[in-house]
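In UniProt numbering, the protein residues as written are 1 to 421. Glycine included, C-beta positions come from ideal geometry on N, C-alpha and C. Small disclaimer: the values here were computed from a predicted structure and weren't measured. Note sheet for the following structure.
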Amino acid sequence: MEYDNCISVVKSDLIVAISLAGMMGCFAMGLLANLPFGLAPGTGQTMYMAYNLVGIHGSGPMSYSNALGLWIVEALFFIAISATGLRAKLGRLIPPSVGLACAVGMGLFMAFIGLQSQQGVGLIGPDPSSIVRLLSLKSLTLWLGIVGFLIMSYGQAHEIKGSMIYGILFVTTISWFRGTSVTYFPKTVDGEARYKYFKKVVDFHKIKKIAGKISLTDFSKGTTWVSLFTLLYIDILATTGTLYTLAEIGGFINDKGSFENEYIAYLIDASVTVVGSALGVPPVATYTESSTGMKEGGRTGLTAVIIGIFFFLALFFAPLLINVPPWAIGPSLVMIGVIMMRVAKDIEWGNFKEAIPAFITIILMPFTNSIPNGIIGGLGVYVVLHFHEWIAWLVKSVLKPRKKKEIESDAIGADNTSEIP
Numbered sequence: 001m002e003y004d005n006c007i008s009v010v011k012s013d014l015i016v017a018i019s020l021a022g023m024m025g026c027f028a029m030g031l032l033a034n035l036p037f038g039l040a041p042g043t044g045q046t047m048y049m050a051y052n053l054v055g056i057h058g059s060g061p062m063s064y065s066n067a068l069g070l071w072i073v074e075a076l077f078f079i080a081i082s083a084t085g086l087r088a089k090l091g092r093l094i095p096p097s098v099g100l101a102c103a104v105g106m107g108l109f110m111a112f113i114g115l116q117s118q119q120g121v122g123l124i125g126p127d128p129s130s131i132v133r134l135l136s137l138k139s140l141t142l143w144l145g146i147v148g149f150l151i152m153s154y155g156q157a158h159e160i161k162g163s164m165i166y167g168i169l170f171v172t173t174i175s176w177f178r179g180t181s182v183t184y185f186p187k188t189v190d191g192e193a194r195y196k197y198f199k200k201v202v203d204f205h206k207i208k209k210i211a212g213k214i215s216l217t218d219f220s221k222g223t224t225w226v227s228l229f230t231l232l233y234i235d236i237l238a239t240t241g242t243l244y245t246l247a248e249i250g251g252f253i254n255d256k257g258s259f260e261n262e263y264i265a266y267l268i269d270a271s272v273t274v275v276g277s278a279l280g281v282p283p284v285a286t287y288t289e290s291s292t293g294m295k296e297g298g299r300t301g302l303t304a305v306i307i308g309i310f311f312f313l314a315l316f317f318a319p320l321l322i323n324v325p326p327w328a329i330g331p332s333l334v335m336i337g338v339i340m341m342r343v344a345k346d347i348e349w350g351n352f353k354e355a356i357p358a359f360i361t362i363i364l365m366p367f368t369n370s371i372p373n374g375i376i377g378g379l380g381v382y383v384v385l386h387f388h389e390w391i392a393w394l395v396k397s398v399l400k401p402r403k404k405k406e407i408e409s410d411a412i413g414a415d416n417t418s419e420i421p
């Protein structure tokens with residue numbers, strides 16, 4: 001009972017912290033940069049923190065407080081490279097095949113989580129002999145989650161706006177009715193406690209357990225520094241690409257390949273990460289769903305400000321938001337995996353120098369339950385396959401000026417000889 005109460009408090013803390021961080025990020029982007037981009041904790045960064053750093057029930061190599069400290073330090077690095085203009089340059093150094101593969105790999109990773117029993121619909125679960133197995137199909141919550149996924153799928157296929165929200169709302173609403181086989185409020189101690197808080201509907205929850213819980217004691221370990229640079233890579237890859245993609249969708253890109261207030265947008269994107277970490281949540285970043293507002297005509301910072309207002313309203317509905325069941329969230333994770341899979345078509349599968357690193361990146365993320373493993377594996381293979389080309393380019397670059405100098409020297413000698421009477 002005490003453990004369940006603690007989980008409930010932490011969930012409420014996270015809802016309030018995410019709402020506050022998202023609200024401040026959106027207001028800053030709208031008022032200072034005048035861009036219609038929304039900000040919230042990034043998917044890739046959140047997954048990395050939850051499953052690779054802290055781990056399920058704290059089973060990872062790092063405590064939650066040390067993970068927040070890591071985010072703070074990473075955010076300061078990120079602000080520095082954004083302020084000096086290195087962010088865009090570093091983003092261009094990322095191999096396109098590996099960058100695209102990261103999105104695909106993260107999508108598969110999210111879909112894998114959405115199918116599991118602990119955080120998703122409960123279709124698959126652990127098995128001692130085959131690692132993963134199909135669970136019982138008799139679970140009614142599983143079938144309710146599948147119906148939710150079909151609602152999302154139909155909406156996506158017919159371009160119905162908000163289809164993912166409709167799917168989540170349908171499953172959640174059905175699960176809120178008591179006395180059914182799929183209720184999220186069963187007649188148990190845990191169910192009664194959840195239902196008691198749910199009945200409040202409106203409640204301004206004060207953050208109790210996660211805000212300011214920052215520790216820097218793990219920086220004496222080499223693995224912490226590896227995690228730091230992995231986070232930097234994910235941030236550079238994800239947020240830089242997202243900003244440019246949204247700017248392109250909005251028609252903000254100019255002839256030089258940049259957009260108005262780009263520098264301010266980068267600084268806001270990096271700075272809000274510090275705010276999020278101080279509140280106890282993963283890095284806040286610009287998210288791709290902002291394109292929805294632009295498709296509806298949003299072209300100014302007013303769009304971001306309106307998003308911020310909705311984040312503000314979410315502060316008062318923690319009792320409702322905390323009681324969205326996992327079988328309602330799981331289908332949305334699978335659908336996000338489908339959406340992120342679309343970029344796989346842009347990988348040069350006919351070129352093995354690009355296809356092999358991309359494939360390694362993709363399969364390592366879900367199979368090793370680790371985003372950095374996929375990134376490191378893909379980059380490592382890419383370097384090996386292109387190493388001889390870089391050596392050849394380097395040798396050619398060194399010899400070319402020398403050869404040019406010899407030709408000029410011979411020409412001068414010939415001129416001097418021709419002048420002899």
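Around the beta carbon of Asn323, 16 or more other beta carbons lie within 10 angstroms, which makes this residue buried. With a cutoff of 8 Å on beta-carbon distance, Ala211 and Ser12 are scored as not near each other. For Pro282, no beta strand (DSSP E) run applies, since DSSP gives it neither H nor E. A residue is called buried when at least 16 other Cβ atoms come within 10 angstroms of its Cβ; Phe109 meets this threshold and is buried.
Bounds of any alpha helix (DSSP H) do not take in Asp127; it lies within the beta strand (DSSP E) bounded by Ile124 to Asp127. Ser139 and Thr180 have their alpha carbons spaced roughly 13 Å apart.
Judged by pairs of C-beta atoms under 8 Å, the stretch 302-315 touches the stretch 16-28, as three or more such pairs exist. In the three-state reduction of the DSSP assignment, Thr286 falls in the strand class, which pools E and B. Pairing Ile371 with Glu354, the inter-Cα distance amounts to about 19 Å. The three-state reading of DSSP puts Pro41 in strand, counting E and B together.
Secondary structure note for Leu169: it is in no beta strand (DSSP E), and the uninterrupted alpha helix (DSSP H) holding it is Ser163 to Trp176. Separation of Val9 and Lys209 (C-alpha to C-alpha, rounded to the nearest whole angstrom) is 8 Å. Look at Ile131 here: in three-state DSSP terms it is strand. If you draw a straight line from the Cα of Ser277 to the Cα of Ser220, it is about 20 Å long.
Between Thr230 and Pro36, the CB-CB gap reaches or exceeds 8 Å. Taking all protein chains shown into account, Asp235 has 16 or more neighbouring C-beta atoms within 10 Å of its C-beta and is therefore buried. Annotation: the continuous alpha helix (DSSP H) that includes Lys353 extends over Phe352 to Phe367.
Beta-bridge pairing by DSSP links Phe317 to Asp203.
Under DSSP, no beta-bridge partner is assigned to Gln118. A straight-line Cα-Cα distance of about 41 Å links Val104 and Val189. Within the same chain, Gly122, Val182 and Trp327 come within 7 Å of Thr141 by CB-CB distance, once the 5 residues on both sides are set aside. When the Cα atoms are used, Asn373 and Met106 turn out to be separated by approximately 12 Å. If you check the CB distance, Gly38 and Tyr287 come in under 8 Å.
Comparing alpha-carbon positions, the option among Ile72, Leu70 and Ser153 lying closest to Ile339 turns out to be Ser153. Counting of Cβ neighbours within 10 angstroms places Ser19 among the buried residues, the total reaching 16 or more. In this structure, the CA atom of Leu14 is about 7 Å from the CA atom of Gly280. The straight-line gap separating the alpha-carbon atoms of Pro366 and Gly380 is approximately 18 Å. Following the DSSP letters along the chain, one finds Ile79 inside the alpha helix (DSSP H) bounded by residues Tyr64 to Ala83. Leaving aside the five residues that flank Val343 on each side, the residues in its chain whose CB is nearer than 7 Å to its CB run, in chain order, Leu100, Ala103 and Val104.
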